[in-house]
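Here is the structure we will look at.
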Amino acid sequence: MIDNLHISILREWEYFDADWYLQEYPDVRILNMDPAYHYLWIGARMGRKPSALFDNFINRYHKADDLIREIKKAPSPGRQSPYASHDDPLRKQPAEFIEPGSVEPAAVEGLRVAVHAHLYYADLAEEFARYLCRIPCTFDLYASTATEEARRNVAATFSTISNVNNVDVRVVPNIGRDIAPLFVEFGDDIIKYDIISHIHTKKSFYNNGSTDGWREYILESLFENEEKIAFFIQNLNRSRYGIIYPQSFHNLPYMAATWLANGGLARKWAPQFGVNALPDGYFDFPIGSMFWAKTDAIRPLLDAGLQWSDFPPEQGQTDGTLAHCIERMLGVVPTSRHFQHGVIRDIQTPSWSRWRLNQFIDRPLEHIHAAITDKNTKIVAFDIFDTLLTRPFLDADYVKHILHSEHEKKDIGGFRDLRMRSEGEAREAKGSDVDIHDIYRQLSTAESATQYLTPDREIALEMQSVRTRSEVVALLNLAVQSGKKVVLASDMFLPRSAIEAMLARCGIAGWDRFYLSSEVGLRKDSGKLYEHILAMEGVKPHQMVMIGDNERSDFQIPANMGIRTIHLLKPVNIMRAIPRLTDLVPAAEDAPAADQFLFGAIASENFGAISYPDFSPDDMFGPSPRAIGYSLLGPIAAAFSQWLLDEAQKHGLDQLYFLAREGKFLKAAFDVWQDGRAEAVRSDYLLISRRAVTVPCIRSVEDIFDIAASNDFHGASMAMFLNERFGTVLDDVLWTECARAKLWPRHAPLMISNGDIDHIRPFLRFIAPHIIRQADIERESALAYYHAQGLGTGESAAVVDVGYGATIQRHLIRLLDQKIHGLYMITDKKGDALGAAANVIASGCFVQGAERNPSASPLFVHSFLLEKMLSADDEQVIRYNLSGQAEFRERGDYIDSSQKVRHELQQGAMDFLKDAVRFRDEMIEELIIDTEKCEALFSRFVSDISDAENRLFSSLALDDYYCGRGIVE
Numbered sequence: 003m004i005d006n007l008h009i010s011i012l013r014e015w016e017y018f019d020a021d022w023y024l025q026e027y028p029d030v031r032i033l034n035m036d037p038a039y040h041y042l043w044i045g046a047r048m049g050r051k052p053s054a055l056f057d058n059f060i061n062r063y064h065k066a067d068d069l070i071r072e073i074k075k076a077p078s079p080g081r082q083s084p085y086a087s088h089d090d091p092l093r094k095q096p097a098e099f100i101e102p103g104s105v106e107p108a109a110v111e112g113l114r115v116a117v118h119a120h121l122y123y124a125d126l127a128e129e130f131a132r133y134l135c136r137i138p139c140t141f142d143l144y145a146s147t148a149t150e151e152a153r154r155n156v157a158a159t160f161s162t163i164s165n166v167n168n169v170d171v172r173v174v175p176n177i178g179r180d181i182a183p184l185f186v187e188f189g190d191d192i193i194k195y196d197i198i199s200h201i202h203t204k205k206s207f208y209n210n211g212s213t214d215g216w217r218e219y220i221l222e223s224l225f226e227n228e229e230k231i232a233f234f235i236q237n238l239n240r241s242r243y244g245i246i247y248p249q250s251f252h253n254l255p256y257m258a259a260t261w262l263a264n265g266g267l268a269r270k271w272a273p274q275f276g277v278n279a280l281p282d283g284y285f286d287f288p289i290g291s292m293f294w295a296k297t298d299a300i301r302p303l304l305d306a307g308l309q310w311s312d313f314p315p316e317q318g319q320t321d322g323t324l325a326h327c328i329e330r331m332l333g334v335v336p337t338s339r340h341f342q343h344g345v346i347r348d349i350q351t352p353s354w355s356r357w358r359l360n361q362f363i364d365r366p367l368e369h370i371h372a373a374i375t376d377k378n379t380k381i382v383a384f385d386i387f388d389t390l391l392t393r394p395f396l397d398a399d400y401v402k403h404i405l406h407s408e409h410e411k412k413d414i415g416g417f418r419d420l421r422m423r424s425e426g427e428a429r430e431a432k433g434s435d436v437d438i439h440d441i442y443r444q445l446s447t448a449e450s451a452t453q454y455l456t457p458d459r460e461i462a463l464e465m466q467s468v469r470t471r472s473e474v475v476a477l478l479n480l481a482v483q484s485g486k487k488v489v490l491a492s493d494m495f496l497p498r499s500a501i502e503a504m505l506a507r508c509g510i511a512g513w514d515r516f517y518l519s520s521e522v523g524l525r526k527d528s529g530k531l532y533e534h535i536l537a538m539e540g541v542k543p544h545q546m547v548m549i550g551d552n553e554r555s556d557f558q559i560p561a562n563m564g565i566r567t568i569h570l571l572k573p574v575n576i577m578r579a580i581p582r583l584t585d586l587v588p589a590a591e592d593a594p595a596a597d598q599f600l601f602g603a604i605a606s607e608n609f610g611a612i613s614y615p616d617f618s619p620d621d622m623f624g625p626s627p628r629a630i631g632y633s634l635l636g637p638i639a640a641a642f643s644q645w646l647l648d649e650a651q652k653h654g655l656d657q658l659y660f661l662a663r664e665g666k667f668l669k670a671a672f673d674v675w676q677d678g679r680a681e682a683v684r685s686d687y688l689l690i691s692r693r694a695v696t697v698p699c700i701r702s703v704e705d706i707f708d709i710a711a712s713n714d715f716h717g718a719s720m721a722m723f724l725n726e727r728f729g730t731v732l733d734d735v736l737w738t739e740c741a742r743a744k745l746w747p748r749h750a751p752l753m754i755s756n757g758d759i760d761h762i763r764p765f766l767r768f769i770a771p772h773i774i775r776q777a778d779i780e781r782e783s784a785l786a787y788y789h790a791q792g793l794g795t796g797e798s799a800a801v802v803d804v805g806y807g808a809t810i811q812r813h814l815i816r817l818l819d820q821k822i823h824g825l826y827m828i829t830d831k832k833g834d835a836l837g838a839a840a841n842v843i844a845s846g847c848f849v850q851g852a853e854r855n856p857s858a859s860p861l862f863v864h865s866f867l868l869e870k871m872l873s874a875d876d877e878q879v880i881r882y883n884l885s886g887q888a889e890f891r892e893r894g895d896y897i898d899s900s901q902k903v904r905h906e907l908q909q910g911a912m913d914f915l916k917d918a919v920r921f922r923d924e925m926i927e928e929l930i931i932d933t934e935k936c937e938a939l940f941s942r943f944v945s946d947i948s949d950a951e952n953r954l955f956s957s958l959a960l961d962d963y964y965c966g967r968g969i970v971e
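Be aware that the sequence shown starts at 3, since it is given in our numbering, and climbs by one per residue.
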């Protein structure tokens, strides 16, 4: 728990800059949170920096005490922090759009700045000189070109550039594109500078001219004017940025932001570049390899000792060379060294996605249909995994992690590495692709207990993990209905029987032939399986359409062969690009089981579509109530349900009473979560409200004062106040007496704030006998109802609610003269204090002992939104009748008008719970959704709520007559 001492220590820490933190992370300002509290609560765990002068802590501390302990160890200014080791590859920082800005050129004087320009096309020297003339400080210019004549011309042109100090132009071999000249020829020179820029004379003939203008776009972005260049240089010198470059060119296919043909080379060279872990999927790097950089950010590339002989001869390659690999490493290396990327936003052709995933999102479904139904299309081929079927994990290979954990419990260590190594060894030994039986036979030769392992458990887990990607299945059905021959093509080790069983269970049928790499011995990622399919089907490449998710094997390779392609993004890759989610999603490789499922399920649910007609990058999950329910309320309900089970077991509780009205959904969620569990706890739904339980407890005028002061009242009449708080209606005679005594006018508005009721004490004292008489009437009926529900018969029961002040629990204890425990989502200071005062449990799952101030958890500050999601179709209980039955307020129209949205939202949440239970029970036995992850999702949601989300929640109305606000939207 975060207390004032923690906050004070952080504020006094020389590396914490509250003003910088608020400016750097505007969501904290929107939340109106104390920046010190936010950093201790969630900021450090999200990888945020406390100031521009301090790198992040390597470990993600979950407790404020642990973080404060490390802060006390932090170094003095001028000493390197041991907590942000540049050798640790796992603390990756996301790239971000660098906000527009400019500084006076004088601000960057005195820095050691160099530019390397590779001019294979020397006729562009004058164009380059015009851009380089805009550099506002003195700099050294290194240039490379292909011939001696070109060298002389370039040197003459560049010597006229203002602010240039030294010009060094050399002739280099036409090897390694622009990359080899930078690192091989000039690496030893460049490394001595503070800031460098690298540019080259790109004349890309890629994609039939669709990338015309690419060079001009990059150069204009990097060298727009003196003030912008100074701004980039100053940011590199003073801030966390290690490299700055333009957003990907708008006509470049978004798939370029992946490894494509360069993954194997990256794995080979990564150790030499000081990189221990490579990113998967889409990642940030200067596409086109032009940039400004802090030299220290790319130092491992300069220190790598690259030689000309490391690069292949120039043969017009478009991908798959060391130069293309290093182009991507220009992003990976700074990230591995904890530098952030500053991406210059394209203003002329804007996109919310740094990787231009808008190309996929905005693609009309009709274009896909047209390719399938085209008269020239004879064969439509579908990949299977992540295309027709998805797995709700961040890491598609997470089954191997599950097996690894299971085998560790049996004292079989290192299974995952053995399994991966055995697959490679089996493939090498066989000389072709292999199936799971080949892999496990190879596994059995390892010097460990692995000879006792069989593939059965892995096959079973894989079969249980899949779910349908319904919009892709619809494409398969369209192809069948259009009379096209449909084939399936998969690079997969699972046996045909298992894959066909998965497809059948998911209702996928109608395909004509299934080409499986482990049967044929040929793979898509080599191109050989495509050659085999074309030969077997007797079609030409242009007569085949390939639909799949892998950027290399389902897009680049078949496209290079002349096969028409329809690329489908993996749901996880779309999720990672959503602006409000990008820095919340953990790295797939290291995420624990709960995070694998939580974020994998969110991705599959919201981003598994292939058409997004209502997409907005402002939305966090999607515009529908179901999407928000599944992705926000569902995880909160799952985490709370597991916490309830744990608390019940911990304290020996055998019965939980879920309080109306929010408790209706919470009980349903809890029942789903614990269904079939051995430690199941009895759950009941208790019809109750503050009004229904507090009035029967009134026996004195002090009780009346306590209830009056318990909550604010917002300007409704005194008559409403008396009816809502005390069930008391005064007749005309009494009101006349009150007016005569100048106690309070009948219809005058009443305001109560912060428990101050001094202005109405005389009035309440005057009418106290009437209130007490009403309490006496209600007491017997209330007791009858509570006893009928089993309350008051033992000390092993707890009430369950959203929470705050534990008002109902406190009054039940008093009324029943019996210990009643309380388990809540949130408790405030008053609720927290009840535990010690009454010797009972009064615990909060997400927040304990909160105060309403800027430092409070967003779950507490924005609890009204949480209540809206949990609201029921019922009116509020006002009292109990003589038969011990609950009486309700007359049903208001607001309930019915909110019903559709509420039902969709809660159904989405229930579906998340059911998916989670299935994953838990079928695959891993125990699943504990992290409450802090739920808080982080909620915090992000409320901090920057979109227009569509705001409209949705505005349609959900709640009554708050108790506080004099009536119906609140």
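Positions of the beta carbon are idealized from the N, C-alpha and C atoms, including for glycine.
| Item | Value |
| --- | --- |
| Near Ser857, what residues of its chain come up, given a Cβ to Cβ distance below 6 Å and the 5 sequence neighbours on each side ignored? | Asp36 and Tyr39 |
| Nearest-angstrom Cα distance between Ser956 and Leu689? | 27 Å |
| Going by C-alpha to C-alpha distance, which of Val574, Gly307 and Gly624 sits closest to Asn952? | Gly624 |
| Would a C-beta distance cut-off of 9 Å place His403 and Gln598 closer than the cut-off? | yes |
| Only counting the same chain, and skipping five residues up and downstream in sequence, which positions put a Cβ closer than 7 Å to that of Ala124? | Thr147, Ala152, Asn155 and Val156 |
| Specify the secondary structure class of Asn61 as computed by DSSP and reduced to three states. | Any reading at Asn61 must be qualified, since the residue scores a pLDDT of 49, below 50, and its modelled position is unreliable; the value itself is stated next. Coil at Asn61, not helix or strand. |
| Exposed or buried, which one is Arg701 when buried takes at least 16 other CB atoms within 10 Å? | exposed |
| Name the residue from Leu455, Arg471, His749 and Arg339 whose alpha carbon lies nearest to the alpha carbon of Asp734. | His749 |
| Do Gly851 and Glu877 have their CB atoms nearer than 9 Å? | no |
| Please say whether Met577 and Phe557 have beta carbons closer to each other than 9 Å? | no |
| Between the Cα of Glu869 and the Cα atoms of Leu121, Val522, Leu224 and Leu668, which residue gives the shortest distance? | Leu668 |
| In terms of residues, what are the limits of the alpha helix (DSSP H) holding Lys652? | Gly636 to His653 |
| With a 10 Å radius around its C-beta and 16 neighbouring C-beta atoms as the bar for buried, classify Thr323 as buried or exposed. | buried |
| Could you round the C-beta distance between Ala639 and Ala911 to whole angstroms and report it? I think they count as a contact, below 8 Å. | 6 Å |
| So, are the CB atoms of Ile346 and Gln249 less than 9 Å apart? | yes |
| Please name the residue in Val587, Ala694 and Glu533 whose C-alpha comes closest to that of Met563. | Glu533 |
| Grab the span of the beta strand (DSSP E) containing Met548 for me, first residue to last. | Met546 to Gly550 |
| At what residues does the alpha helix (DSSP H) containing Val802 begin and finish? | Counting along the chain, Val802 falls outside any alpha helix (DSSP H), though it belongs to the beta strand (DSSP E) covering Ala799 to Tyr806. |
| Quick check on Asp21: buried or exposed, where buried means 16 or more other Cβ atoms within 10 Å of its Cβ? | exposed |
| With distance defined between alpha-carbon atoms, name the residue in Arg942, Arg812, Met465 and Asp440 nearest to Leu634. | Arg942 |
| Does the beta-carbon of Glu726 have 16 or more other beta-carbons within 10 angstroms, so that it is buried, or is it exposed? | buried |
| Whether or not the stretch 516–525 and the stretch 432–441 are in contact is what I'm after, with contact meaning three or more pairs of Cβ atoms, one per stretch, closer than 8 Å; do they touch? | yes |
| Where does Asn756 land, buried or exposed, given buried means 16+ other C-beta within 10 angstroms? | exposed |
| Taking three-plus beta-carbon pairs below 8 Å as touching, is the stretch 159–171 in contact with the stretch 278–293? | no |
| Identify whether Ala86 lies in helix, strand or coil by the three-state DSSP scheme. | Since pLDDT at Ala86 reaches only 35, below the 50 mark, its modelled position is unreliable, and no value is offered. |
| State buried or exposed for Glu464, treating a residue as buried only when at least 16 other CB atoms are found within 10 Å of its CB. | buried |
| In the DSSP assignment, the beta strand (DSSP E) including Trp354 goes from what residue to what residue? | Careful: Trp354 lies outside any beta strand (DSSP E) and carries neither H nor E. |
| Taking the C-alpha atoms as reference points, what is the distance between Arg781 and Thr696? | 10 Å |
| To the nearest angstrom, how far is the alpha carbon of Leu69 from that of Gly333? | 30 Å |
| Where do the N-terminal and C-terminal ends of the beta strand (DSSP E) with Asn168 fall, by residue? | Val166 to Val173 |
| Could you name the residues of the same chain whose beta carbon sits closer than 7 Å to that of Asn713, not counting the 5 residues immediately before and after it, in chain order? | Tyr964 and Cys965 |
| Assuming contact is defined by CB atoms lying nearer than 9 Å, are Leu793 and Ile769 in contact in what I supplied? | no |
| Using 10 angstroms around the beta-carbon of Pro352, count the other beta-carbons present and answer buried if the total reaches 16, otherwise exposed. | exposed |
| Hey, out of Ser161, Glu316 and Gly344, whose CA is closest to Ile245's CA? | Gly344 |
| Are the beta-carbon atoms belonging to Val2 and Leu915 less than 9 Å from one another? | Residue 2 is absent from the model: the chain starts at 3 and stops at 971. |
| With DSSP as the reference, label Ile177 as helix, strand or coil. | strand |
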